[in-house]
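> Below you will find the structure I want to go over with you.
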Amino acid sequence: MSHQLGRVVSVILQRYFGENVQKVGDDLFTYGSKPIALLVKSTGLSRIKVVESLRTLLKYDLAMFEPTPNEVIADYRLIPENVLLMIRYPRYLLQIKTKYGSEAEILIEELLQKACSTATVLLVSIAVKYKDDKEKNMTIVKLKDIFISLITAGYIQQASVAELKEGSEIPTLVPVATITPEIDVRAVIKIMNSGNLAESSDNVYWKVNYDRFHQDIRDEIMIKAITRRIDENAGELLRHMLQHMYLTSPAWAAESTLVPAVELREACLRAAADKPLLNQYFDQYLKVLGRKKKSALRVTEESGCGTVRADAGGRGYSVRGAGAARGCLLALLEGLVTERLGYKAARIFRIILDKKYIEEDDVQKNAMLPNKECKELSYKLLEEHFISLQPMRKTASAGGMNKAVYLFHINLHDVAHTVQDMCYKALGNVLRRASHERAAHARLLDKQRRVRSIVHGMRLRAEPQQNIDDVEETLTPSELAVLQGVEKRLKQLSAAELEIDKNLFILKWYFMYTH
Amino acid sequence: MAGRGRGRGGSGLSLTTEQIQALGVTRGDNAPPTLVPPPLFPKLEKKPLPLICDAATDYMLIVKDQFIEYLHESPAFVKVKTETDGVERYSDKYKMLALDAKQNKLLDCVWVNMPTELRPQAKRPRTVPRKRKLDDPEEIAKRLQTLEKKETLETDEAIDGKKKELNNENVDEEEELEDEHEQEYELDDGTDYANNYFDNGEDYEEEDDNLDDGPVY
Numbered sequence: 001m002s003h004q005l006g007r008v009v010s011v012i013l014q015r016y017f018g019e020n021v022q023k024v025g026d027d028l029f030t031y032g033s034k035p036i037a038l039l040v041k042s043t044g045l046s047r048i049k050v051v052e053s054l055r056t057l058l059k060y061d062l063a064m065f066e067p068t069p070n071e072v073i074a075d076y077r078l079i080p081e082n083v084l085l086m087i088r089y090p091r092y093l094l095q096i097k098t099k100y101g102s103e104a105e106i107l108i109e110e111l112l113q114k115a116c117s118t119a120t121v122l123l124v125s126i127a128v129k130y131k132d133d134k135e136k137n138m139t140i141v142k143l144k145d146i147f148i149s150l151i152t153a154g155y156i157q158q159a160s161v162a163e164l165k166e167g168s169e170i171p172t173l174v175p176v177a178t179i180t181p182e183i184d185v186r187a188v189i190k191i192m193n194s195g196n197l198a199e200s201s202d203n204v205y206w207k208v209n210y211d212r213f214h215q216d217i218r219d220e221i222m223i224k225a226i227t228r229r230i231d232e233n234a235g236e237l238l239r240h241m242l243q244h245m246y247l248t249s250p251a252w253a254a255e256s257t258l259v260p261a262v263e264l265r266e267a268c269l270r271a272a273a274d275k276p277l278l279n280q281y282f283d284q285y286l287k288v289l290g291r292k293k294k295s296a297l298r299v300t301e302e303s304g305c306g307t308v309r310a311d312a313g314g315r316g317y318s319v320r321g322a323g324a325a326r327g328c329l330l331a332l333l334e335g336l337v338t339e340r341l342g343y344k345a346a347r348i349f350r351i352i353l354d355k356k357y358i359e360e361d362d363v364q365k366n367a368m369l370p371n372k373e374c375k376e377l378s379y380k381l382l383e384e385h386f387i388s389l390q391p392m393r394k395t396a397s398a399g400g401m402n403k404a405v406y407l408f409h410i411n412l413h414d415v416a417h418t419v420q421d422m423c424y425k426a427l428g429n430v431l432r433r434a435s436h437e438r439a440a441h442a443r444l445l446d447k448q449r450r451v452r453s454i455v456h457g458m459r460l461r462a463e464p465q466q467n468i469d470d471v472e473e474t475l476t477p478s479e480l481a482v483l484q485g486v487e488k489r490l491k492q493l494s495a496a497e498l499e500i501d502k503n504l505f506i507l508k509w510y511f512m513y514t515h
Numbered sequence: 001m002a003g004r005g006r007g008r009g010g011s012g013l014s015l016t017t018e019q020i021q022a023l024g025v026t027r028g029d030n031a032p033p034t035l036v037p038p039p040l041f042p043k044l045e046k047k048p049l050p051l052i053c054d055a056a057t058d059y060m061l062i063v064k065d066q067f068i069e070y071l072h073e074s075p076a077f078v079k080v081k082t083e084t085d086g087v088e089r090y091s092d093k094y095k096m097l098a099l100d101a102k103q104n105k106l107l108d109c110v111w112v113n114m115p116t117e118l119r120p121q122a123k124r125p126r127t128v129p130r131k132r133k134l135d136d137p138e139e140i141a142k143r144l145q146t147l148e149k150k151e152t153l154e155t156d157e158a159i160d161g162k163k164k165e166l167n168n169e170n171v172d173e174e175e176e177l178e179d180e181h182e183q184e185y186e187l188d189d190g191t192d193y194a195n196n197y198f199d200n201g202e203d204y205e206e207e208d209d210n211l212d213d214g215p216v217y
């Protein structure tokens with residue numbers, strides 16, 4: 001638990017939930033697990049506020065509790081990873097929208113907002129919200145169908161159920177396997193018309209399955225990488241392989257079970273009938289995917305070499321998730337070095353990566369850079385902890401020159417941790433800067449928001465354009481100019497958050513296989 | 001000795017020619033006095049690559065803003081009690097209206113999954129009616145008995161033991177914390193480290209001095 005992680009978590013909580021929740025979250029992060037009484041004392045907030053903050057944290061799954069030896073009170077603990085996941089919500093929604101359409105996206109959005117809800121409540125609230133929107137045309141039946149399809153696809157799962165162990169008043173949450181529910185459409189419609197949500201006898205709670213989304217993102221990364229590296233047909237091939245893989249092995253296995261080549265070929269023949277090249281050169285493609293060493297094509301984007309491995313007889317192929325993660329991480333590191341220190345430093349980095357252990361002079365020879373520059377860049381790389389030094393003592397006879405040779409090498413695990421810390425720091429800075437901008441221009445932003453809502457209301461009531469212009473003119477041109485600048489900066493910072501989150505995803509994916 | 005010291009010069013009092021050269025001041029020019037304050041941030045050597053700004057990112061940003069708006073409106077956003085400076089303002093009327101609308105909304109949670117202390121009814125832990133110890137005549141008799149024993153055996157540990165027994169007879173566990181607190185208090189009375197002996201010093205309660213100045217005309 002690094003200092004930077006604590007800082008990011010703190011800023012995210014402040015942005016999403018306000019300062020009280022931020023204070024409670026900070027405290028929990030620093031001290032681990034704490035009961036309510038200690039929290040009240042250390043944060044200085046009133047007990048009611050602490051209780052409300054804890055409710056929020058528990059509802060959105062950002063904290064967990066465990067019973068203390070005194071069975072009535074619970075100890076609360078923050079879950080930093082879930083706090084970081086909040087940045088990724090828009091990406092999930094985009095994913096669902098491209099795959100299943102906008103109604104499914106609305107469903108998932110509602111479920112994300114509610115964090116955990118019964119099916120009835122969910123469907124009713126969406127139907128009520130979009131009742132007036134004629135173009136969407138939502139019916140309970142359609143919603144229910146989409147809901148069931150999302151459950152079977154795995155995007156929605158059943159929430160953990162509370163079990164009371166004997167003698168304790170604190171429930172323990174037990175995860176439950178997801179079973180497709182039977183939703184009585186007529187009961188739902190009745191509740192919607194009556195408007196009383198408390199009537200439903202539905203007791204099964206649902207929540208979003210983040211893991212499934214992560215799976216999708218990972219597949220997308222792998223396929224995009226292969227498509228960029230080789231070509232589209234290879235991407236198609238990988239997609240089919242992944243589909244087969246999901247039938248047999250667990251999603252995050254380091255290496256999946258074997259997919260027989262014959263099955264794969266048949267599947268490709270059936271599905272990609274418009275890609276004759278794929279079927280013609282099927283075997284070649286498989287071979288290329290499996291090549292461990294990088295091909296002659298120098299690519300600075302993501303690479304996914306070593307993704308597929310053939311077994312001895314060539315009868316089956318397996319997808320190596322760990323290899324793909326490693327490949328993506330290396331591409332990420334190279335990109336990072338290029339952006340920070342220039343393409344020459346990236347060249348040095350690649351050489352050291354290739355040769356594993358190499359002396360300083362040899363680096364200069366291989367990189368074909370002027371001596372001074374090469375030394376300067378390699379020391380800069382060392383400074384930023386991208387490479388590390390390994391001393392080797394050439395023990396000459398006693399009395400002779402004990403020359404210690406220093407070899408450069410890359411410890412991928414350590415470098416990955418350094419980069420992760422860098423990402424946390426960057427994310428923390430971005431969010432902090434955004435909140436500073438918002439605070440500095442709070443009055444102006446508030447005014448703009450009010451003008452917008454008033455104008456919107458006036459348009460709905462079809463007031464004359466003159467009145468609308470009058471209201472809009474309360475924002476002077478200079479204010480407008482300032483606001484435009486502020487909005488542009490905030491938008492950039494927001495986009496930066498999403499970018500950093502992409503990198504964090506790759507890093508986390510890599511760490512899944514090395515721990 | 002002299003040779004080795006040349007690089008370091010006169011122990012920091014003045015710089016040698018080598019040091020001046022290293023600092024970048026050549027013999028020719030005199031460093032002009034800088035009148036401009038140094039820049040706030042160091043110059044970026046390499047500009048970062050431009051951010052991806054396509055339709056997908058725009059959509060994601062809009063979605064994110066909507067989500068945050070929703071959270072801010074919901075009871076999940078725990079409001080800080082802002083201090084007013086006691087001045088009545090025109091906007092107070094509207095602020096009160098907005099506040100009252102959101103005041104009593106309870107966050108919608110699955111109460112079964114949360115520990116009892118977080119649920120709405122358990123929010124007031126101290127107003128549970130406590131069983132007064134002396135209501136029961138049996139309890140009174142017991143208490144008298146124990147007080148008699150207390151007089152006979154005059155050891156501290158015996159007293160503590162009896163007190164703990166009395167405390168344990170109370171079923172309500174939430175009182176346990178408070179009772180332990182009381183116990184600690186009583187322990188303090190017998191020792192030398194009681195509060196009476198603390199000397200706050202002369203300056204402790206003399207902060208009011210400045211308030212005596214009164215308005216200056």
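Protein sequence lines correspond, in order, to chains A and B.
Counting from 1, one number per residue, gives the positions in the first sequence under my numbering.
Counting from 1, one number per residue, gives the positions in the second sequence under my numbering.
Using N, Cα and C, we set each Cβ at its ideal position, and we do this for glycine too.
1) Could you compute how far the alpha carbon of residue 51 of chain A sits from the alpha carbon of residue 18 of chain A?
2) State buried or exposed for residue 178 of chain B, treating a residue as buried only when at least 16 other CB atoms are found within 10 Å of its CB.
3) Which residues share a DSSP beta bridge with residue 19 of chain A?
4) Cβ closer than 9 Å: which chain A residues qualify as neighbours of residue 43 of chain B?
5) Are the C-beta atoms of residue 493 of chain A and some chain B residue less than 7 Å apart?
6) Between which residues of its own chain and residue 489 of chain A is the CB-CB distance below 7 Å, once the five residues before and five after are set aside?
7) Where does residue 59 of chain B sit, in a helix, a strand or coil, going by DSSP?
8) Identify the contact partners of residue 342 of chain A in chain B, using a Cβ-Cβ distance below 7 Å as the criterion.
9) Between the beta-carbon of residue 332 of chain A and the beta-carbon of residue 506 of chain A, is there less than 7 Å?
10) Just to confirm my understanding: we take residue 242 of chain A, look at its own chain, exclude 5 residues before and 5 after, and list those with CB closer than 7 Å. What are they?
11) With DSSP run on the structure shown, which of helix, strand or coil describes residue 117 of chain B?
12) Please name the residue, chosen from B:142, B:138, B:116, B:107, that lies closest to residue 60 of chain A on a Cα-to-Cα basis.
13) Taking all protein chains shown into account, do 16 or more other C-beta atoms lie within 10 angstroms of the C-beta of residue 452 of chain A, making it buried, or fewer, making it exposed?
14) For residue 406 of chain A and residue 327 of chain A, what's the separation of their Cα atoms in angstroms?
15) Name the chain B residues whose beta carbon is nearer than 9 Å to that of residue 113 of chain A?
16) May I have the straight-line CA-CA distance separating residue 358 of chain A from residue 245 of chain A, to the nearest angstrom?
17) Would you please verify whether the beta carbon of residue 115 of chain B is less than 7 Å from any beta carbon of chain A?
18) Chain A beta carbons: is any one of them nearer than 7 Å to that of residue 96 of chain B?
19) Determine the chain B residues that contact residue 339 of chain A at a beta-carbon separation under 8 Å, and present them in chain order.
20) Report the rounded CA-to-CA distance for residue 469 of chain A versus residue 447 of chain A, giving the unit in angstroms.
21) For the beta strand (DSSP E) containing residue 388 of chain A, list its first residue and its last residue.
22) Distance check for residue 375 of chain A and residue 215 of chain A, CA to CA, integer angstroms please.
23) What residue does the alpha helix (DSSP H) around residue 80 of chain A start on, and which one ends it?
24) Just checking, does the stretch 33 to 52 of chain B make contact with the stretch 72 to 91 of chain A on the three C-beta pairs under 8 Å criterion?
25) By DSSP, does residue 115 of chain A sit in helix, in strand, or in coil?
26) Mind reading off the beta-carbon distance from residue 510 of chain A to residue 329 of chain A? Whole number of angstroms is fine, and I expect it under 8 Å.
27) Going straight from the alpha carbon of residue 181 of chain B to that of residue 37 of chain A, what length do you get?
28) Measure the beta-carbon distance from residue 208 of chain A to residue 112 of chain A and round it to whole angstroms, keeping in mind my assumption that it falls under 8 Å.
29) Cβ of residue 94 of chain A less than 7 Å from any chain B Cβ?
30) Just grab the DSSP bridge partners of residue 76 of chain A for me.
31) Which ranges would you report for the alpha helix (DSSP H) in the stretch 338 to 363 of chain A if only whole runs of at least 4 residues count?
32) In this structure, does DSSP put residue 156 of chain A in helix, strand or coil?
33) Using a Cβ cut-off of 7 Å, pull out every chain A residue sitting near residue 56 of chain B, in sequence order please.
34) Return the CA-CA distance between residue 518 of chain A and residue 213 of chain A, expressed in angstroms with no decimal places.
35) Quick check on this structure: which residue in A:421, A:388, A:238, A:482 has the alpha carbon closest to the alpha carbon of residue 409 of chain A?
36) Between the stretch 94 to 108 of chain A and chain B, which residues of the former have CB atoms less than 7 Å from a CB of the latter, in chain order?
With the given structure in hand:
1) Residue mapping note: residue 51 of chain A aligns to position 51 of the first sequence, counting from 1. Residue mapping note: residue 18 of chain A aligns to position 18 of the first sequence, counting from 1. Computed Cα separation, rounded: 14 Å.
2) Taking the first residue of the second sequence as 1, we reach residue 178 of chain B at position 178. With a pLDDT of 49 at residue 178 of chain B, under the threshold of 50, the modelled position of that residue is not reliable, and the figure given next carries that caveat. Exposed.
3) Here residue 19 of chain A corresponds to residue number 19 of the first sequence, with the count starting at 1. DSSP, once it has assigned bridges, lists no residue as partnering residue 19 of chain A.
4) The sequence position of residue 43 of chain B within the second sequence is 43, counting from 1. Near residue 43 of chain B there are no residues of chain A at all, since even the closest Cβ is about 15 Å away, more than 9 Å.
5) Taking the first sequence and counting its residues from 1, one reaches residue 493 of chain A at position 493. Answer no: the Cβ-Cβ gap between residue 493 of chain A and chain B never drops below 7 Å.
6) For the purposes of this step, residue 489 of chain A is identified with residue 489 of the first sequence, where counting begins at 1. Closer than 7 Å at the Cβ level, and outside the excluded window around residue 489 of chain A, lie 437.
7) Along the second sequence, read from residue 1 onward, the residue named residue 59 of chain B stands at position 59. Helix.
8) Here the question's residue 342 of chain A lines up with position 342 in the first sequence. In chain order: 46.
9) Taking the first sequence and counting its residues from 1, the one referred to as residue 332 of chain A is at position 332. Taking the first sequence and counting its residues from 1, the one referred to as residue 506 of chain A is at position 506. Yes, the Cβ-Cβ distance between residue 332 of chain A and residue 506 of chain A is below 7 Å.
10) Position 242 of the first sequence, counting from 1, holds the residue named residue 242 of chain A. Once the five neighbours on either side are set aside, the close Cβ partners of residue 242 of chain A are 219, 319.
11) For the purposes of this step, residue 117 of chain B is identified with residue 117 of the second sequence, where counting begins at 1. DSSP places residue 117 of chain B in helix when its eight states are reduced to three.
12) Residue 60 of chain A sits at position 60 when you count from the first residue of the first sequence. Residue B:107 is the option with its Cα nearest to residue 60 of chain A.
13) As a position in the first sequence, residue 452 of chain A is number 452, starting the count at 1. Classification of residue 452 of chain A: exposed, given that the 10 Å Cβ count is below 16.
14) Along the first sequence, read from residue 1 onward, the residue named residue 406 of chain A stands at position 406. Along the first sequence, read from residue 1 onward, the residue named residue 327 of chain A stands at position 327. Taking the straight line joining both Cα atoms gives about 27 Å.
15) By 1-based counting over the first sequence, the position of residue 113 of chain A is 113. Simply 67, 70, 71, 74.
16) If you number the first sequence from 1, residue 358 of chain A lands on position 358. If you number the first sequence from 1, residue 245 of chain A lands on position 245. Going from the Cα of residue 358 of chain A to the Cα of residue 245 of chain A covers about 39 Å.
17) What you label residue 115 of chain B is simply residue 115 of the second sequence in a count that begins at 1. So, interface residue.
18) Within the second sequence, numbered from 1, the residue matching residue 96 of chain B stands at position 96. No, no contact with chain A.
19) Within the first sequence, the letter at position 339 stands for residue 339 of chain A. Correct list: 46, 48, 49.
20) What you label residue 469 of chain A is simply residue 469 of the first sequence in a count that begins at 1. What you label residue 447 of chain A is simply residue 447 of the first sequence in a count that begins at 1. Going by the C-alpha atoms only, they are around 16 Å apart.
21) Along the first sequence, read from residue 1 onward, the residue named residue 388 of chain A stands at position 388. Element bounds for residue 388 of chain A: 388 to 393.
22) Numbered from 1 along the first sequence, position 215 holds the residue referred to as residue 215 of chain A. Numbered from 1 along the first sequence, position 375 holds the residue referred to as residue 375 of chain A. Residue 215 of chain A and residue 375 of chain A: Cα-Cα distance of roughly 42 Å.
23) Counted from its first residue, the first sequence places residue 80 of chain A at position 80. First-last of the alpha helix (DSSP H) with residue 80 of chain A: 80 to 85.
24) no
25) Taking the first residue of the first sequence as 1, we reach residue 115 of chain A at position 115. Residue 115 of chain A: coil per DSSP, three-state reduction.
26) On the first sequence, residue 510 of chain A is found 510 positions in, with the first residue counted as 1. On the first sequence, residue 329 of chain A is found 329 positions in, with the first residue counted as 1. About 4 Å separates the two Cβ atoms, so the contact holds.
27) In the second sequence, counting from the first residue as 1, residue 181 of chain B sits at position 181. In the first sequence, counting from the first residue as 1, residue 37 of chain A sits at position 37. The predicted model places residue 181 of chain B with a pLDDT of 48, which falls under 50 and marks its position as unreliable; any figure quoted below should be read in that light. Distance between the alpha carbons of residue 181 of chain B and residue 37 of chain A is about 14 Å.
28) Locating residue 208 of chain A in the first sequence gives position 208, where the first residue counts as 1. Locating residue 112 of chain A in the first sequence gives position 112, where the first residue counts as 1. 6 Å between Cβ atoms; contact.
29) In the first sequence, the residue the question calls residue 94 of chain A occupies position 94. Cβ-Cβ to chain B under 7 Å: yes for residue 94 of chain A.
30) For the purposes of this step, residue 76 of chain A is taken as residue 76 along the first sequence, with counting starting at 1. Residue 76 of chain A is bridged to A:34, A:65.
31) 343 to 355
32) Stepping through the first sequence from its first residue, residue 156 of chain A is reached at position 156. Strand.
33) Along the second sequence, one-based indexing puts residue 56 of chain B at 56. Chain A residues near residue 56 of chain B: 94.
34) In the structure as shown, chain A begins at 1 and stops at 515. Residue 518 of chain A is therefore absent and cannot be evaluated.
35) Here residue 409 of chain A refers to the residue found at position 409 when the first sequence is read from its first residue. Closest option to residue 409 of chain A, Cα to Cα, is A:388.
36) 94
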